[in-house]
Each structure stands twice: as structure tokens, then as C-alpha cells.
Amino acid sequence: MINVITAISDDQKIIVRMYAILREAVGKNEVVITLPRGSTVKTLKNKILQEHPSLNSLNSQFIISVNHEAVSGDTVVSTKDVIAALPPVSGG
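The following block contains the structure:
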């Protein structure tokens, strides 16, 4: 009898929509980032910067929104979320 063990990956593919100068910097409307399940926005942002060094010139000053709301770095992300990377907003 042979036992077959199937490895189940805890990774998930997160689709991040890119806007304005961020889209121009990466050359795409969206990027796909692979992260372990239970990862946070902070981890996602760090991975985006790692995989797309052209964004480093923005000094990490972009906002991640989850389900159309700006969120803190400790927010957990999943494949079900609508995630966007937004440039910093200024006004007055």
C-alpha cells in the first residue's frame, strides 16, 4: 500500500489594482502578489515593493485600500478582497 501525501499550499494570489503614477511605474493595471494566508496589508505592501522596485522612488508613500476603504497595515487580506494601490493624495 502506498500513502500519497498532497502538499497543500498556504499561499494565496492577491490581485492589486494599480492607479495613476503607480500604474505608470509598474507598467500594468494590476499586479498579482503571492502571500501566505493571513498576511497583512503591511506584508503585502512590502512584497509589492520587493517585486516592483520601480515603486521605491515613491518612498513607500502609497495607500492600500481594501474593499474600497483605506486600511491600516495590520488589516488581513484575502483573495476575496478588492485591493488597490493608490498614490498619496494632497490637497488644500
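Take 19 as the starting number for the sequence shown in this note's numbering and just add one per residue.
Using N, Cα and C, we set each Cβ at its ideal position, and we do this for glycine too.
These numbers were taken from a predicted model, which means no experiment stands behind them.
Worksheet entry | Coil, strand or helix - Thr93 by DSSP | Here Thr93 sits in coil by DSSP.
Worksheet item: What residues in its chain sit with their C-beta under 8 angstroms from that of Asn47, if we drop five residues either side in the sequence?
Response: Taken in chain order, the residues that qualify are Arg35, Met36 and Arg41.
Fill in: Residues bridged to Val50 (per DSSP)
BP columns for Val50 point to Ile33.
Worksheet item: Does the beta-carbon of Val59 have 16 or more other beta-carbons within 10 angstroms, so that it is buried, or is it exposed?
Response: That one is buried.
Worksheet item: Quick one: what's got a C-beta closer than 8 angstroms to Ile66's C-beta in the same chain, skipping five residues either side?
Response: Scanning its chain for C-beta atoms nearer than 8 angstroms, with the 5 sequence neighbours on each side dropped, one finds around Ile66 the residues Val34, Val49, Ile51, Leu73 and Ala103, in chain order.
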